[in-house]
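Visitor: Sending over a structure as structure tokens; questions will come in a sec.
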Amino acid sequence: MTAEDTDRPAAQRPLAGILLRLVTALLLAIMFAGVKLAGNRGVHVVESLFYRQIGSVVCATGLVLAGPGLASLRTRRVGAHIGRMALGLTSMAMNFLAILLLPLADATAIGFTVPIFATILAALVLGEATGRWRWGAVVVGFLGVLLIVHPGEGGVPLLGAAVALVGAGMTAAVTIVIRRLGATERASTTVFWFAASSLLPLGLLMLHFGRAHDAATFAILAGLALAGGLAQLTLTASLRLAPVALVMPMDYTSLLWATLLGLWLFAELPTATVWLGAPVIIASGLVIVWREHHLARRAALAARAATPS
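The following block contains the structure:
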């Protein structure tokens with residue numbers, strides 16, 4: 091692959107990256123609230139996925155046309171993109187279903203386990219070295235999950251929690267696949283082919299699950315599609331403008347938005363156990379992000395010291 095096959099490094103603008111990641115957290119919270127609103131109005135999960143992906147295609151196409159051009163969509167890794175589509179679509183379906191089964195804030199809090207699952211998969215699949223700091227954070231993170239979903243009065247419903255955990259694990263697997271695709275593919279190329287290729291299986295499923303809805307319901311679907319598509323772009327842009335370790339902690343603000351939207355739209359508050367388990371999960375995720383940043387910085391300094399002057 092030549093240098094033209096990958097993204098060129100963008101100038102680092104940490105503040106802009108942080109602001110874009112904060113916007114991403116808000117947009118994703120709006121998208122999930124839209125999924126729940128649509129579900130309450132009789133919209134099937136397949137329909138929400140279909141319209142969400144249409145929004146991503148529109149936004150990704152706009153980004154490509156405004157930037158590198160349609161020629162950038164050419165790829166030699168068709169099989170990898172199809173695998174990413176299948177995994178990503180299943181992951182998104184699980185996350186959407188969790189939103190329908192749980193209060194917004196509860197599903198959001200369990201979704202914070204993505205870095206924990208990503209650490210496990212990076213060690214098992216990519217063979218990345220994982221020291222005691224990150225393994226310790228993994229254990230603590232799952233203790234936080236147990237605090238949230240413990241059986242009995244006040245805990246999160248087990249079916250919803252199980253679906254949310256499967257969704258988080260599959261989302262972590264998607265991050266591993268994207269990391270591998272990122273070695274040769276532009277971010278806009280990966281986003282476009284994920285959304286566009288998923289419309290084929292979703293279109294076939296829509297023949298069975300698609301329904302006519304009133305104008306208000308279609309407006310909700312359009313809103314969640316737009317929010318999801320824009321979130322894909324702002325998330326990608328934030329990673330180009332600032333390091334992962336700097337912007338990723340901003341994701342935890344989505345719990346605030348999920349709580350506010352859940353209270354406003356559905357008159358729901360987080361389960362009592364979420365207030366105990368969510369801080370533990372967030373703390374473990376921050377430790378994982380900090381440790382990865384520390385190791386990456388140490389490796390960069392070692393490489394610089396080894397380079398002859």
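The sequence shown begins at 91 in our numbering and counts up one residue at a time. Even glycine gets a Cβ: it sits at the ideal position worked out from N, Cα and C.
1) Hey, could you find the ends of the alpha helix (DSSP H) R330 is sitting in?
2) Please confirm whether M121 and A251 have their CB atoms less than 8 Å apart.
3) On a CA-only basis, which of R164, W380, V113 is nearest A277? Give me that one, please.
4) Take G201 and list the residues in its own chain whose beta-carbon comes closer than 6 Å to its own, dropping the five residues that flank it on each side.
5) Whole angstroms are fine: how far does the CA of S146 sit from the CA of L336?
6) Within its chain, find whatever has a CB closer than 8 Å to the CB of I108; leave out the 5 residues flanking it on each side and keep chain order.
7) Considering only the alpha carbon of each residue, which of G367, E275, R381 lies closest to V235?
8) When you compare only the Cα positions, how much space is there between E137 and G300?
9) For W283, which option in I371, T265, A150 has the closest C-alpha, if you only look at C-alpha atoms?
10) If you run the structure through DSSP and keep just helix, strand and coil, what is P158?
11) What is the C-beta distance between A227 and S374, in whole angstroms, given that I count them as a contact (C-beta under 8 Å)?
12) From the DSSP output, in three-state form, read off F202 for me.
13) What is the DSSP secondary structure of R98, reduced to helix, strand or coil?
14) If you run the structure through DSSP and keep just helix, strand and coil, what is V125?
15) On a Cα-Cα basis, can you pick out the residue from L117, A188, L177, A362 that is closest to L314?
16) Could you give the residue range of the alpha helix (DSSP H) that holds T261?
17) Apart from the five residues just before and just after L323, which ones in its own chain have a Cβ nearer than 7 Å to its Cβ?
18) Look at L295 and V133 and say whether their C-beta atoms are less than 8 Å apart.
19) State the DSSP-derived secondary structure class of T180, mapped to helix, strand or coil.
20) What separation, rounded to the nearest whole angstrom, lies between the Cα atoms of R111 and L177?
21) Tell me whether A54 is buried or exposed, calling it buried when 16 or more other Cβ atoms sit within 10 Å of its Cβ.
22) State the Cα-Cα distance for the pair R394 and R387, rounded to the nearest angstrom.
23) Report, in whole angstroms, the separation of the C-beta atoms of V215 and I268, which I expect to be a contact under 8 Å.
24) Secondary structure at H134, three-state DSSP: helix, strand or coil?
25) Can you look up T92 in the DSSP assignment and give me helix, strand or coil?
Guide: Well, looking at it:
1) The residue given as residue 330 occupies position 240 in the sequence shown. That run of the alpha helix (DSSP H) goes 305-331.
2) The residue you call residue 121 lines up with position 31 of the sequence shown. The residue you call residue 251 lines up with position 161 of the sequence shown. Their beta carbons are not under 8 Å apart, which means M121 does not touch A251 by this criterion.
3) Numbered from 1 along the sequence shown, position 187 holds the residue referred to as residue 277. For the residues R164, W380, V113, the minimum Cα distance to A277 belongs to R164.
4) As a working mapping, residue 201 is identified with position 111 in the sequence shown. Excluding its 5 nearest sequence neighbours in each direction, G201 has C-beta neighbours in its own chain below 6 Å: A258, listed in chain order.
5) Here the question's residue 336 lines up with position 246 in the sequence shown. Here the question's residue 146 lines up with position 56 in the sequence shown. Spanning the two alpha carbons is a distance of roughly 25 Å.
6) Along the sequence shown, read from residue 1 onward, the residue named residue 108 stands at position 18. For I108, the CB contacts under 8 Å within the same chain, skipping 5 residues up- and downstream, are S328, A332, L336, V337, M340 in chain order.
7) Here residue 235 refers to the residue found at position 145 when the sequence shown is read from its first residue. Between V235 and the set G367, E275, R381, the nearest pair of CA atoms involves G367.
8) Working through the sequence shown from its first residue, we reach residue 137 at position 47. Working through the sequence shown from its first residue, we reach residue 300 at position 210. Going by the C-alpha atoms only, they are around 6 Å apart.
9) Looking up residue 283 in the sequence shown gives position 193. The candidate whose alpha carbon is nearest that of W283 is A150.
10) If you number the sequence shown from 1, residue 158 lands on position 68. It is coil, neither helix nor strand.
11) Here residue 227 refers to the residue found at position 137 of the sequence shown. Here residue 374 refers to the residue found at position 284 of the sequence shown. With a Cβ gap of about 4 Å, A227 and S374 count as contacting.
12) The residue labelled residue 202 in the question sits at position 112 within the sequence shown. In the structure shown, F202 falls within a coil segment according to DSSP collapsed to helix, strand and coil.
13) Position 8 of the sequence shown, counted from the first residue, corresponds to residue 98. Residue placement at R98 cannot be trusted, given a pLDDT of 48 that sits under 50; what the coordinates show is reported in the next sentence. In this structure, R98 counts as coil in the three-state DSSP scheme.
14) What you label residue 125 is simply residue 35 of the sequence shown in a count that begins at 1. V125 falls in the helix class under three-state DSSP.
15) Position 224 of the sequence shown, counted from the start, is the residue given in the question as residue 314. With distances taken between Cα atoms, L314 lies closest to L117.
16) As a position in the sequence shown, residue 261 is number 171, starting the count at 1. First-last of the alpha helix (DSSP H) with T261: 248-271.
17) Against the sequence shown, residue 323 aligns to sequence position 233. Beyond the five residues adjoining it in sequence on each side, L323 comes within less than 7 Å, by CB distance, of C149, L153 in the same chain, given in chain order.
18) Walking along the sequence shown from the start, residue 295 turns up at place 205. Walking along the sequence shown from the start, residue 133 turns up at place 43. Their beta carbons are not under 8 Å apart, which means L295 does not touch V133 by this criterion.
19) Position 90 of the sequence shown, counted from the start, is the residue given in the question as residue 180. Helix, per DSSP.
20) Counting from one through the sequence shown, the residue named residue 111 turns up at place 21. Counting from one through the sequence shown, the residue named residue 177 turns up at place 87. If I take the Cα positions, the gap works out to 24 Å.
21) The structure shown has nothing for residue 54, since the chain only spans 91 to 399.
22) Here the question's residue 394 lines up with position 304 in the sequence shown. Here the question's residue 387 lines up with position 297 in the sequence shown. Taking the Cα positions, R394 is about 11 Å away from R387.
23) Within the sequence shown, numbered from 1, the residue matching residue 215 stands at position 125. Within the sequence shown, numbered from 1, the residue matching residue 268 stands at position 178. That pair is no contact at about 13 Å.
24) On the sequence shown, residue 134 is found 44 positions in, with the first residue counted as 1. Reduced to three states, the DSSP call for H134 is coil.
25) Looking up residue 92 in the sequence shown gives position 2. Model confidence at T92 stands at a pLDDT of 40, short of 50, so the residue's coordinates are unreliable; what they give is reported in the following sentence. Under the three-state reduction of DSSP output, T92 falls in the coil class, being neither helix nor strand.
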